[in-house]
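Engineer:
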Amino acid sequence: MVSERLMLMSEAASTRPVVTRFAPSPTGYLHIGGARTALFNWLYARGRGGKFLLRIEDTDRERSTPEATAAILRGLTWLGLDWDGEAVSQFEQRHRHADVAREMLARSAAYKCFSTQEEIEAFREAARAEGRSTLFQSPWRDADPATHPDGPYVIRMKAPREGETVIEDAVQGTVKFGNDQLDDMVCLRSDGTPTYMLAVVVDDHDMGVTHVIRGDDHLNNAARQTMVYRAMGWEVPVWAHIPLIHGPDGKKLSKRHGAVGLEEYQAMGYPAAGMRNYLTRLGWSHGDDEFFTSEQAKNWFDLSGIGRAPARLDFKKLENLSGQHIAAADDAALLHEIQAYLAAAAQPALTEAQVHGLLRAMYCLKDRAKIFPELIDKAYFILKQRPMEPDAQATKSLDPVSRGILSELTPRLQSASWERDGLEAVVAEVAGAHGLGLGKIAGPLRAALAGRTVSPSVFDMMLVLGRDETIARLDDAAGQP
RNA sequence: GGCCCGUUCGUCUAUCGGUUAGGACACCAGGUUUUCAACCUGGUAAGAGGGGUUCGACUCCCCUACGGGCUGCCA
Numbered sequence: 002m003v004s005e006r007l008m009l010m011s012e013a014a015s016t017r018p019v020v021t022r023f024a025p026s027p028t029g030y031l032h033i034g035g036a037r038t039a040l041f042n043w044l045y046a047r048g049r050g051g052k053f054l055l056r057i058e059d060t061d062r063e064r065s066t067p068e069a070t071a072a073i074l075r076g077l078t079w080l081g082l083d084w085d086g087e088a089v090s091q092f093e094q095r096h097r098h099a100d101v102a103r104e105m106l107a108r109s110a111a112y113k114c115f116s117t118q119e120e121i122e123a124f125r126e127a128a129r130a131e132g133r134s135t136l137f138q139s140p141w142r143d144a145d146p147a148t149h150p151d152g153p154y155v156i157r158m159k160a161p162r163e164g165e166t167v168i169e170d171a172v173q174g175t176v177k178f179g180n181d182q183l184d185d186m187v188c189l190r191s192d193g194t195p196t197y198m199l200a201v202v203v204d205d206h207d208m209g210v211t212h213v214i215r216g217d218d219h220l221n222n223a224a225r226q227t228m229v230y231r232a233m234g235w236e237v238p239v240w241a242h243i244p245l246i247h248g249p250d251g252k253k254l255s256k257r258h259g260a261v262g263l264e265e266y267q268a269m270g271y272p273a274a275g276m277r278n279y280l281t282r283l284g285w286s287h288g289d290d291e292f293f294t295s296e297q298a299k300n301w302f303d304l305s306g307i308g309r310a311p312a313r314l315d316f317k318k319l320e321n322l323s324g325q326h327i328a329a330a331d332d333a334a335l336l337h338e339i340q341a342y343l344a345a346a347a348q349p350a351l352t353e354a355q356v357h358g359l360l361r362a363m364y365c366l367k368d369r370a371k372i373f374p375e376l377i378d379k380a381y382f383i384l385k386q387r388p389m390e391p392d393a394q395a396t397k398s399l400d401p402v403s404r405g406i407l408s409e410l411t412p413r414l415q416s417a418s419w420e421r422d423g424l425e426a427v428v429a430e431v432a433g434a435h436g437l438g439l440g441k442i443a444g445p446l447r448a449a450l451a452g453r454t455v456s457p458s459v460f461d462m463m464l465v466l467g468r469d470e471t472i473a474r475l476d477d478a479a480g481q482p
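Per the working numbering, the first sequence starts with residue 2, numbered consecutively.
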């Protein structure tokens, strides 16, 4: 079956340049599952020199909002998924959709149905009562146009009633549907607006989409959509229906899982690269590769590597990957991302002095943080100005004896050479004079320099802080009552 | 109810009929260590159940169970 999937893909890839799309409906924030769908489409197109398009499915006028559209665009931008051209509004294509519906009418691939909602409901209830299929069978399907009343109607597709419709899916394999399971779907509503089922097909065709990669909740729809493609004589795209993402408990993702919106992850301080890596790996694999860059992902990503079972969110792994990406990131890029994080988390922006300090300290900060809040926390020693105001824990290690030792350290630091080896030697010497190990003196030293018990290495802090600031902080601590 | 999809360690996954079923995260134990993070060593841990097919099934087929999706003039 796998080789079958591979064949399917290479066939399409060789005939047309790849065009994928992400088509969210703007009825809320960008869902984490949607973000992964977008990511897969982006990866597939970008890895093949193709195009990645964006289409806002805003035909539901009741629920669509410009705010939601903006949030989705923000989310994609944060994740680093750039799209080609302008985002297309599906609503704006409504006249084109209606034209296609009428074209289907002209081709006898569709018909006018004058049944009212009440009639349809009555039909379904009767069907249910008799144990028959509740799929609506319109009495107008083969009616003589001469008998058409002068009332509102919908345009329904004239779907074949016998035989089967086969979907060749790059992820799910060959999926067959009995045509008796598919009803005559409505293409154009009685108010003249198109339904989603028609609009997607028309838009995907018009946009030249070659590969439709989307959630497997659309697998059934693919069958009916295939009928529209056939009715219009259009080339059917390669389908790839990917499994949905579930919460840590294995249930469908919902608000009670806490973080479902992509932007919440930015606000929690996950780096975009870590997020991309994690999401790419969720439901897709390239052998045993776990940590990789987006460049590698683009080169490796393939529809055949997508799994068929729904995956659960695992925050621990997300954190681990995020930490690796923070450690591997370029300092300047990291700084920018941290500033964006602070804004997203509604925290005060960094002052110029803090920016410079953070940049100098970055080397000893980035390999000990998994997410940005942790990095910021450990950067406290450089972000905070004197006096350090040690917290309760730090205060404990600044007992009178320790403060005495610190004051002995100060004059020696005055003359020490300010590089790592020299500092280590001085501190070791003073500790040795009291018959203490480095561990005993590092505690108070850390408390004096950082005001905290968690920080980078004391020597790194001294190096970053410089001689004057280091000594000033030691004096502050030694002078504490 | 009908149709469709799925099911390998706790989690993400590798495996394209022949492996002591591998890796990663998490977890446990030990080591290293100036805190945290990291690092090193070792360890626990998996093919939903039942039938076939086959010399041989995690891999192919069927049934059952469980989970999910669809079944709208929502998308």
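Using N, Cα and C, we set each Cβ at its ideal position, and we do this for glycine too.
Counting pairs of beta carbons, one from the region 434-450 and one from the region 385-399, are three or more of them closer than 8 Å?
Structural biologist: yes
Engineer: Please confirm whether Asp-185 and Ser-139 have their CB atoms less than 7 Å apart.
Structural biologist: The answer is yes: Cβ separation under 7 Å.
Engineer: Quick one: is Val-402 buried, meaning 16 or more other Cβ sit within 10 Å of its Cβ, or exposed?
Structural biologist: exposed
Engineer: May I ask you to report which of helix, strand or coil DSSP gives Gly-251?
Structural biologist: coil
Engineer: Using only alpha-carbon positions, find the residue among His-326, Ser-398 and Phe-382 that is nearest to Asp-368.
Structural biologist: His-326
Engineer: On the criterion of 16 or more Cβ atoms from any shown chain inside 10 Å, does His-149 qualify as buried, or is it exposed?
Structural biologist: exposed
Engineer: Just to confirm, is the Cβ distance from Arg-37 to Leu-280 under 7 Å?
Structural biologist: yes
Engineer: Keeping to the same chain, check which residues put their C-beta closer than 6 Å to that of Trp-285; ignore five residues upstream and five downstream.
Structural biologist: Gly-306 and Ile-307
Engineer: Inspect the beta-carbon positions of Val-210 and Pro-238 and report whether they are closer than 7 Å.
Structural biologist: Yes, Cβ-Cβ distance for Val-210 and Pro-238 is below 7 Å.
Engineer: Glu-12 to Arg-129, Cα distance in whole Å?
Structural biologist: Low confidence applies here, because Glu-12 scores a pLDDT of 43, under 50, leaving its location unreliable and the question unanswered by this model.
Engineer: On the criterion of 16 or more Cβ atoms from any shown chain inside 10 Å, does Ala-393 qualify as buried, or is it exposed?
Structural biologist: exposed
Engineer: Mind listing, in chain order, the continuous alpha helix (DSSP H) runs of no fewer than 4 residues lying wholly within the region 217-274?
Structural biologist: Every alpha helix (DSSP H) of 4 residues or more that sits fully in the region 217-274 is shown, in chain order, as 220-233 and 263-269.
Engineer: Reducing DSSP to helix, strand and coil, say where Val-19 ends up.
Structural biologist: coil
Engineer: DSSP beta-bridge partners for Gly-179?
Structural biologist: Glu-165
Engineer: Let me know the secondary structure DSSP gives Ser-416 once reduced to three states.
Structural biologist: helix
Engineer: In angstroms, rounded to a whole number, what distance separates the CA positions of Ser-323 and Phe-316?
Structural biologist: 10 Å
Engineer: Please report the distance separating the alpha-carbon of Ala-224 from that of Lys-113.
Structural biologist: 22 Å
Engineer: So what does Trp-285 bridge to, in DSSP terms?
Structural biologist: Ile-307
Engineer: For the pair the region 268-280 and the region 194-208, tell me if three or more CB-CB distances fall below 8 Å.
Structural biologist: Contact between the region 268-280 and the region 194-208 is absent, with fewer than three C-beta pairs closer than 8 Å.
Engineer: Below 7 Å CB to CB, which residues in the same chain sit around Glu-165 once its five sequence neighbours on both sides are set aside?
Structural biologist: Lys-177, Phe-178, Gly-179 and Asn-180
Engineer: What residue range is occupied by the uninterrupted alpha helix (DSSP H) comprising Tyr-197?
Structural biologist: 197-207
Engineer: Who are the near neighbours of Ala-102 in its chain, counting only those whose CB is closer than 8 Å to its CB and skipping five residues on each side?
Structural biologist: Within the same chain, Cβ atoms closer than 8 Å to the Cβ of Ala-102 are found at Ala-111, Ile-156, Cys-188, Leu-189, Pro-195 and Leu-199, the five residues on either side in sequence being excluded.
Engineer: Would you list the one or two residues that DSSP bridges to Tyr-112?
Structural biologist: Arg-157
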